[in-house]
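**Student:** The numbering of the sequence shown is our numbering, which starts it at 69 and goes up by one.
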Amino acid sequence: MNKKSLLYAIALAIVAFYLAMTAFYRWGDGTPPRITLVEPFTQAGPTTPLVLHVEDAETGLQEVTVRLVQNLESYTLAQEQFVAQSPLSIGGHADNSYNLNLVPFGDDTIPKRRGVVTLVITARDYSWRGFFEGNWARIEQDVTVKFTPPRMEVLSSPLPVSQGGAGAVVYRVSDDAQRYGVRIGETFFPGYPSPDRAFTAFSLFAFPHDHPASAPVLLVADDDLGNHAEQRIDVPVVAKKWRSRTITISDRFIERTIRPIIAQTPEIEDLDDPLRNFLQVNNVLRKRTAEQLTALASDSRPEFLWNGAFIQLSNSQVEAVFADHREYRYNGNVVDTQYHLGFDLAVTKRYPVEAANDGTVVLAEFFGIYGNTIVIDHGYGLQSLYAHLSSFAAEKGDDVRKGQIIGRSGMTGLAAGDHLHFSLLLHGVQVNPMEWWDGQWVQSHVNAPLHRVPVRTNDVTTPEQVPQTPVPSNRRGSPPS
């Protein structure tokens, strides 16, 4: 055999070997694609996602089809054809995997019929098995679909609620409701099973001070499939007019109050400019602190920890009331406006501060604009806040009783003089403490609708619980907190 013939024979041998390896690879792949439902899909509703992963690590995917079948009608959710490499190629295919994440019933072309549908997923690869048909994989799964929202029924007669005030509603929801409560605007107040009444639920809610009195109060419920129900509660809302005050700030005040706040708040940077420092504390940090209070309320214990009326700081004068609208002036110009959400109460310097009611301390630390602060959880989203303290007499985790000393008044944080800033919050929304200081209001607006049995005789006002008249004092240096 001459040299040319030898080279020709070697080339033929190489081609034959390559064809044999190709045939072995293509016919040798007997493993079908693997179909995985990444999330369970045995029940579905308007927003239920279908998440699946299809993989073929050998010859690669050729096609994937996803369908829903109901009443002998078929609806294609997805159909993918994958481009093949050369039939003579050996090795991994470019399309070895496929992922799908969609909401089947988000498509208006698919009928939303109750009952059972069948999910059918098929996939095949580029194997030459089955007369070049490839290996097939198939999943069929029955899916129960539901498009009816939870049922609701209001059981209590709604009492008037003031802007900035609170209310309670008792209702019944069907068992499929996974999340329910009251919504006012964008604010949601979760519901809870009634502790002493079977088959009912209740919500404590606040009507935000800055919402118009015409804003609807809605009872809402959602299941875990995306079905939503809402019903307007005919709550009479009493409009309130908040007073306005002008607060003049100076470089001296900023130096004394703002720099210490920045020094103890790592997320706030010293901008080396008095006005800019004031604005980022009074505006940016104030909003961030409000968000933290809302987050803190999400862990409120689902039980009544408090009893009877809340108490106002003993012997205190009121220096600022709830929802004062404040206009801040610097060098004669209006630089910011804020609402003062709470009461400023003053007696003497470093006056003992009492817990307004029974509960558990959930925060005791330096807390932004509020300075040294204690927050007490009273259960079901109701929390009280004690700010500007000079010292602490309680720490996080302590169970405290109404009237127990938890600290002393001071002027930490954004305060111009020694006093206590006192706030009450429902799920992070500030409410007017005057209502909760009134035992008759507590009885008529909370205890009675919820059929709570008073634990103490002072659920209706006793002499030590009579709310002190909130008349602003003429003391100088009214704090701008």
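We put the CB at the ideal spot given by N, CA and C, even for glycine.
Note down the Cα distance separating Gln209 from Ala152, rounded to an integer number of angstroms.
**Tutor:** When rounded, the distance between both Cα atoms is 29 Å.
**Student:** From the beta carbon of Leu223, is the nearest beta carbon of chain B less than 7 Å away?
**Tutor:** Absent from the structure is chain B; it holds one protein chain and no more.
**Student:** Using the Cβ count rule (16 or more neighbours within 10 Å means buried), how would you classify Leu518?
**Tutor:** The residue is buried, with at least 16 neighbouring Cβ atoms inside 10 Å.
**Student:** If distances are taken between C-alpha atoms only, which option among Gly202, Ile252, Val237 comes closest to Tyr260?
**Tutor:** Closest by alpha carbon: Val237.
**Student:** Alpha carbon to alpha carbon, how far is Ile444 from Trp374? Give it in angstroms, no decimals.
**Tutor:** The straight-line gap from Cα to Cα measures roughly 10 Å.
**Student:** Can you tell me whether Gly160 is buried or exposed? The criterion is at least 16 other CB atoms within 10 Å of its CB, across all chains shown.
**Tutor:** Below a pLDDT of 50, predicted positions are generally treated as unreliable, and Gly160, at 47, falls in that range; the measurement from the model is reported next regardless. Its Cβ having fewer than 16 others within 10 Å, Gly160 is exposed.
**Student:** Is DSSP giving Ile437 helix, strand or coil here?
**Tutor:** Three-state DSSP puts Ile437 in a helix.
**Student:** Considering only the beta carbon of each residue, do Ala146 and Val134 sit closer than 7 Å?
**Tutor:** Contact flag set, yes.
**Student:** I believe Leu287 touches Met220 by the beta-carbon criterion, under 8 Å. Please report the beta-carbon distance rounded to the nearest angstrom.
**Tutor:** Their Cβ separation, rounded to whole angstroms, is 6 Å, which keeps Leu287 and Met220 in contact under 8 Å.
**Student:** At which residues does the beta strand (DSSP E) containing Thr255 begin and terminate?
**Tutor:** First-last of the beta strand (DSSP E) with Thr255: 255 to 258.
**Student:** Can you name the residues that DSSP bridges to Asp551?
**Tutor:** Nothing about residue 551 can be read from this structure; the chain reaches only from 69 to 549.
**Student:** Where does Thr212 land, buried or exposed, given buried means 16+ other C-beta within 10 angstroms?
**Tutor:** By the 10 Å Cβ count, Thr212 comes out exposed.
**Student:** Taking Phe490 as part of the alpha helix (DSSP H), name the residues at either end of that continuous run.
**Tutor:** Unbroken run through Phe490 is the beta strand (DSSP E), 488 to 494; no alpha helix (DSSP H).
**Student:** On the three-state DSSP scale, how would you describe Met479?
**Tutor:** It is coil, neither helix nor strand.
**Student:** Since Gly427 sits in a beta bridge, which residues does DSSP pair it with?
**Tutor:** Gly427 pairs with Val468.
**Student:** Taking only three categories from DSSP, how would you classify Glu323?
**Tutor:** Note: Glu323 maps to helix in three-state DSSP.
**Student:** Below 8 Å, can you find three or more Cβ-Cβ pairs linking the segment 419 to 428 to the segment 463 to 475?
**Tutor:** Yes, they touch.
**Student:** If distances are taken between C-alpha atoms only, which option among Asp486, Phe270, Asp367 comes closest to Ser14?
**Tutor:** Absent from the model: residue 14. The displayed extent of the chain is 69 to 549, so no value can be given.
**Student:** So if DSSP puts Pro420 in a beta bridge, which residue, or which two residues, is it bridged to?
**Tutor:** For Pro420, which the question treats as bridged, DSSP gives the partners Arg476.
**Student:** Please report the straight-line C-alpha distance between Val510 and Phe372, rounded to a whole angstrom.
**Tutor:** Taking the straight line joining both Cα atoms gives about 13 Å.
**Student:** Can you give me the Cβ contacts of Ala432 inside the same chain, cut-off strictly under 7 Å, excluding the 5 residues immediately before and after it?
**Tutor:** Excluding sequence neighbours, Ala432 sits near Ile442, Phe460, Ala462, Glu463, Lys464.
**Student:** Between Trp505, Ala281, Leu227, Asn167, which has its C-alpha nearest Ser382's C-alpha?
**Tutor:** Minimum Cα distance to Ser382 is reached at Trp505.
**Student:** Is the Cβ-Cβ distance between Gly232 and Phe273 less than 7 Å?
**Tutor:** No. Outside cutoff.
**Student:** Tell me, to the nearest whole angstrom, how far the beta carbon of His121 is from that of Thr104; I am working on the premise that it is less than 8 Å.
**Tutor:** The Cβ separation is near 5 Å, so the contact holds.
**Student:** With a CB to CB cut of under 8 Å and the five nearest residues on each side skipped, what residues in its chain are close to Arg397?
**Tutor:** Around Arg397: Thr314, Ile315, Thr316, Ile317, Val403.
**Student:** Would you kindly check if the distance between the Cβ of Leu361 and the Cβ of Gly253 is under 7 Å?
**Tutor:** No, these two residues do not count as a Cβ contact at 7 Å.
**Student:** With H, G and I counted as helix, E and B as strand and the rest as coil, what does DSSP make of Gly113?
**Tutor:** Coil.
**Student:** Is it right to say Glu422 is buried, meaning 16 or more other beta carbons lie within 10 angstroms of its own, or is it exposed?
**Tutor:** Burial call: buried.
**Student:** Counting only the same chain and skipping the five closest in sequence on each side, list residues whose C-beta sits under 7 Å from that of Leu223.
**Tutor:** Answer for Leu223: Val238, Tyr239, Arg240, Thr268, listed in chain order.
**Student:** Closer than 6 Å by C-beta to Gly471: which residues in its own chain qualify, once you throw out the five before and the five after it? Chain order, please.
**Tutor:** Only Glu422 meet the Cβ criterion.
**Student:** Excluding five sequence neighbours on each side, which residues of the same chain lie with their C-beta closer than 6 Å to the C-beta of Ile207?
**Tutor:** Closer than 6 Å at Cβ, skipping near neighbours: Ile103, Ile189.
**Student:** Leaving out the 5 sequence neighbours to the left and right, which residues in its chain are closer than 7 Å to Phe635 when beta-carbon positions are compared?
**Tutor:** Because residue 635 is not part of the residues shown, which for the chain are 69 to 549, the question remains open.
**Student:** Assign Asn399 to buried or exposed, taking buried as 16 or more other Cβ atoms, counted over all protein chains shown, within 10 Å of its Cβ.
**Tutor:** By the neighbour-count rule (16 or more Cβ atoms within 10 Å), Asn399 is not buried but exposed.
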